[in-house]
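In numbering that gives the first Met the number 0, the protein residues as written are 0 to 222.
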Amino acid sequence: MKIAILGGTGDQGFGLALRFSKNHEILIGSRKAEKAVEASENALKILSEKKISTTIKGLTNSEASKLADVVIVSLPFEYTISTLKELKEELKGKIVVSIGVPLATAIGDKPTRVITCPQGSVAELIQEILPESKVVSGFQNICSKCLEDLDCEVNCDVLIAGNDVEAKKTVISLANEIPGIRGIDAGKLEISKFIEQITPLLIQLNIKYKLKGAGIQITGLNL
Ligand SMILES: NC(=O)c1ccc[n+]([C@@H]2O[C@H](COP(=O)([O-])OP(=O)(O)OC[C@H]3O[C@@H](n4cnc5c(N)ncnc54)[C@H](OP(=O)(O)O)[C@@H]3O)[C@@H](O)[C@H]2O)c1
């Protein structure tokens, strides 16, 4: 598959680009093509040191959206609406993965707090902006530091929510491709608000116990 990552020059998007590049063509998106190209070259260097050969290109967010089958939205919460409103046409009919958390840092407050999203969650907000895309929510509860370090066994469950059954299956199988991750179908998109709100708790635990990246695992569920 061709996977575009909007804002893939940032921490979480770059980590996902490295992890998904083993089996897929990755299109790192940015507001500036040169910045995306630089990130793609950096990713290729990291992967070649691990003897992984793959295709990663750097493009503008718009070009990456046009070419991709699956588009991951890896943007700070406060720039999600403005960015996606410009990409409605490009994203029509596509699987759009919402990984965002409405952290209160968007208004200059702490990362251990969230702000209210009128639609209920970032994922539902994205679905409202992109009514003709298949929005799937996931990857909010894994930390970029672990994703970026290819020697780090992520060892987490990834809760995945969405209203389109096939799109959700695709994203669950993508999650399962990352060693140590178990993708779990958590239900419809409306459940995303609970998934997103686990992240500030994990950030609080990272701070309190000086962890690289706390995660979650659901007990009692044998898939
Ligand atoms: N970091 C984590 O550990 C983590 C964990 C779980 C979930 N998440 C979620 O993942 C998403 C990305 O997080 P991140 O930490 O990777 O974010 P980030 O590094 O702060 O930003 C990601 C990218 O957003 C783009 N961007 C910045 N300002 C923008 C603007 N005004 N308009 C449009 N694009 C802009 C930048 O790309 P260009 O300058 O190249 O355009 C930047 O590289 C967030 O929604 C976050 O909640 C992050």
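Note that CB positions come from ideal geometry on N, CA and C, so glycine has one too. Small disclaimer: the values here were computed from a predicted structure and weren't measured.
Figure out for me which residue from the options has the closest Cα to the Cα of residue i.
i, options, result
"Glu85", "Ser61, Ile98, Gly92", "Ser61"
"Gly9", "Ala160, Glu147, Asn175, Ile171", "Glu147"
"Ile128", "Ser97, Ile114, Ile106", "Ser97"
"Gly107", "Ile215, Gly186, Phe76, Pro117", "Phe76"
"Arg287", "Ala122, Thr82, Cys116", "Not covered by the structure: residue 287. The range shown for the chain is 0 to 222."
"Asn154", "Ser64, Ile177, Ser132", "Ile177"
"Ile190", "Thr169, Ile159, Gly182, Asn175", "Ile159"
"Ile94", "Glu37, Ser143, Pro130, Cys142", "Pro130"
"Gly212", "Val72, Ser143, Ile114, Ile71", "Ser143"
Within its chain, find whatever has a CB closer than 7 angstroms to the CB of residue i; leave out the 5 residues flanking it on each side and keep chain order.
i, result
"Thr104", "Pro110"
"Gln126", "Val134, Leu188"
In whole angstroms, what separates the C-alpha of residue i from that of residue j?
i, j, result
"Gly119", "Lys50", "43 angstroms"
"Lys91", "Tyr208", "43 angstroms"
"Glu152", "Asn221", "20 angstroms"
"Leu20", "Leu46", "The question names Leu, but residue 20 is Ser in the sequence shown. Straight-line Cα distance between these residues: approximately 9 angstroms."
"Gly99", "Lys192", "11 angstroms"
"Gln216", "Leu17", "23 angstroms"
"Ile55", "Asp68", "15 angstroms"
Report yes if the C-beta of residue i is less than 7 angstroms from at least one heavy atom of ligand 1; otherwise report no.
i, result
"Val100", "yes"
"Leu74", "yes"
"Glu10", "Looking at the sequence itself, residue 10 is Asp, so the reference to Glu does not match. Asp10: yes, Cβ under 7 angstroms from ligand 1."
"Gln196", "no"
"Gly179", "no"
"Tyr78", "yes"
Beta-carbon separation of residue i and residue j under 8 angstroms?
i, j, result
"Val157", "Gly179", "no"
"Gln139", "Thr198", "yes"
"Gly6", "Gly12", "yes"
"Glu33", "Pro101", "no"
Cutting at 8 angstroms between CB atoms, please list the residues of its own chain near residue i, excluding the five before and the five after it.
i, result
"Leu66", "Lys1, Ala3, Leu26, Leu58"
I'd like to know whether the C-beta of residue i is nearer than 8 angstroms to at least one C-beta of chain D.
i, result
"Ser47", "Given the protein chain composition of this structure (a single chain), no chain D is represented."
Which same chain residues, not among the five before or five after residue i, have their C-beta less than 6 angstroms away from its C-beta?
i, result
"His23", "Met0, Ile2"
For ligand 3, is there a heavy atom less than 7 angstroms away from the beta-carbon of residue i?
i, result
"Ser61", "In the structure on display, ligand 3 does not appear, and the ligands it does have are ligand 1."
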